[in-house]
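One structure is given below, encoded as structure tokens.
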Amino acid sequence: MRNVIARFANKWSMLLLVILDEFGVMRFNELSRAIPDISPKVLSGHLKTLESIGLVKRNLYAEVPPRTEYELTELARTLIPILNQLSAWGRENLTAIQGNLTK
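Under the UniProt record's numbering, the first residue of the sequence shown is numbered 1, with each subsequent residue one higher.
So this is what it looks like as structure tokens:
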């Protein structure tokens, strides 16, 4: 269980899942623009990890130039309500959390 959670329970992977849920199919550069703080190397690594555990599907198109798109899998869609609940909890408790950080 811990091994599975460790693969997606980090700031970038969860954010990628939420963004793909919100915007649907996206290309690498679109994801990079949606998360300006993430480096291309880190983005690529997280996408590969999410793909390896079956949460993101990578679609390759044999075009010139090559096109790659990313989208959520059905398995990932079952995780989205949980991520939404976590996000709602964070918004509801943001003031208390920030107050604790300043102590």
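Every residue gets a Cβ at the ideal spot worked out from N, C-alpha and C, and that includes glycine. Note that this is a predicted model, so its numbers are computed, not measured.
- Assign residue 68 to one of three DSSP states: helix, strand, or coil. Walking along the sequence shown from the start, residue 68 turns up at place 68. Three-state DSSP puts residue 68 in a strand.
- Cβ pair count under 8 Å reaching 3, the stretch 37-49 against the stretch 83-98: no
- Alpha-carbon spacing of residue 22 relative to residue 30, whole angstroms: Position 22 of the sequence shown, counting from 1, holds the residue named residue 22. Position 30 of the sequence shown, counting from 1, holds the residue named residue 30. Cα-Cα distance, rounded: 13 Å.
- For residue 76, I'd like the list of residues in its chain whose CB is within less than 7 Å of its CB, leaving aside the five on either flank, ordered along the chain. The residue labelled residue 76 in the question sits at position 76 within the sequence shown. Contacts found: 17, 55 and 56.
- Query: Does the beta-carbon of residue 72 have 16 or more other beta-carbons within 10 angstroms, so that it is buried, or is it exposed?
  - Reply: Residue numbering aside, residue 72 sits at position 72 when the sequence shown is read from its first letter. When all chains shown are included, residue 72 counts as buried.
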